[in-house]
Each structure stands twice: as C-alpha cells, then as structure tokens.
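Heads up, the sequence shown is in the numbering used here, so the first residue is 172 and it goes up one at a time.
Where a beta carbon is used, it is the ideal one built from N, C-alpha and C, also for glycine.
Note that the coordinates shown come from a computational prediction; the quantities given were computed from them, not determined experimentally.
See structure below.
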Amino acid sequence: MFTALRKLKKRSEAQKETELENTVAHAIFDIEVNNKDLKYALQPISFVSAREIKISKTRSAIIIFVPRRELQQYQEIHTKLVRELEKKFSGKHILIVAQRRALQKRTSSLIHRPRARTLKVVNENIMKDICYPAEISGLRTRVKTDGSEHLKIFLDPSEKVNLEGKLSTFSVAYRKLTGKTSSFQFAE
Numbered sequence: 172m173f174t175a176l177r178k179l180k181k182r183s184e185a186q187k188e189t190e191l192e193n194t195v196a197h198a199i200f201d202i203e204v205n206n207k208d209l210k211y212a213l214q215p216i217s218f219v220s221a222r223e224i225k226i227s228k229t230r231s232a233i234i235i236f237v238p239r240r241e242l243q244q245y246q247e248i249h250t251k252l253v254r255e256l257e258k259k260f261s262g263k264h265i266l267i268v269a270q271r272r273a274l275q276k277r278t279s280s281l282i283h284r285p286r287a288r289t290l291k292v293v294n295e296n297i298m299k300d301i302c303y304p305a306e307i308s309g310l311r312t313r314v315k316t317d318g319s320e321h322l323k324i325f326l327d328p329s330e331k332v333n334l335e336g337k338l339s340t341f342s343v344a345y346r347k348l349t350g351k352t353s354s355f356q357f358a359e
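The structure is reproduced here in structure tokens:
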C-alpha cells in the first residue's frame, strides 16, 4: 500500500517512469519514513518527473518537477528536503521546479490565454523556482551587437552562504529549461 512509486504522478499510463525518477521516488520515500521532521509534510505531496543535467565534466544536477499546486508545500520544507536529497545523491545539486506550460498565441480573439500561461511569465516563474531560497533583487538584460541577449540575475545577498556554490548550476539549469543564456550573481 505504501510504496515509493506513489510519490511519482505521471499524466498518463503511456508514460513510463525512468530509472532516475524511480531512484528519486525511493529517496523521497526513505526521507518520509526515516525523518520525523519531514514525515507529515511529505505524505500528501508527489512529483511529476525528474531530469538530470550536466553542469560541468564532473558535476551534475537533478531537476525535480512538481505539480504547480503543490509547489508551496515543497517550498515550506525546501531547505531540509534539498539537504537530505543532496546527501542521498552525493555530488549532485537538487533543484525543485514547478511543472508549467506556456500556451501559444492564438490568432482568434475569441479564445483567452491566461497571463500565467504566457512564455514570459512562465520563464520568470522558472527563474524564481530555480533560485528559490534566495529572492531575486535585480534583473538586467544585456543585448549584444549581434542581437543576442544575456540575462544578469542579481540575488539577495542574505542567502550567499548557502547558495554560493550553486550559481553555475542555476545558470545551466535556466538555459536548459528556457533556452536563454544567463548568469546568476549576488547583489552588492
């Protein structure tokens, strides 16, 4: 009845879970069973999928996609859960991001597209999810002469101690998820 696979919610039966998703589900279930602080907070929540990305030749990160409605519950226990998951997946950073979908512009004016489903808002929310414990204090867009854009994202310096080593992970994850080049740094 209580298995690790109940933590993984796929949209359809045709989608098969990957090996990484199984190991993440087992790790979250182990934390739920063994950690008394997180037990009751982890019982009702689940995740949609997990994806591993390469940061450099030696480092990688795991992005866990959660349902958008459960993101706030994850953020309440974010620091403890990420710390425990990083212990289980040694040498890998863990990022928790809500599963969001951008809708395309409709040519017909009869169909209304919600503001939360526009590409710009979805990309901004992904940026906030990636660097969650830290608040974004500034954002600069640099347009080069060849027309390419580069985002500079300034984070709140109060979280500098906890997130100093994850800045390159944030920029690579943001590029993989949105296709935009960026650099994360702490505001002075």
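- Under the DSSP assignment, S342 falls in the alpha helix (DSSP H) whose first and last residues are L338 to T349.
- For V204, the enclosing alpha helix (DSSP H) covers residues E190 to N205.
- Spatial neighbours of Y303 in its own chain (CB-CB distance under 8 Å, excluding positions within 5 residues in sequence) are listed in chain order as Q246, H249 and I267.
- The alpha-carbon of K225 is positioned some 14 Å away from that of L191.
- Nearest in C-alpha terms to K276, of all of S354, K263, R288 and I265, is R288.
- Contact check for E306 and D327: beta-carbon distance about 4 Å, within the 8 Å limit, so the pair qualifies.
- The stretch 314 to 330 makes contact with the stretch 342 to 356, as at least three CB pairs between them are under 8 Å.
- In the DSSP assignment, the residues bridged to R222 are I234.
- If only uninterrupted beta strand (DSSP E) runs of at least 3 residues are considered, those enclosed by the stretch 259 to 307 are 263 to 269.
- For E335, the closest alpha carbon among the candidates Q356, T316 and D317 is that of Q356.
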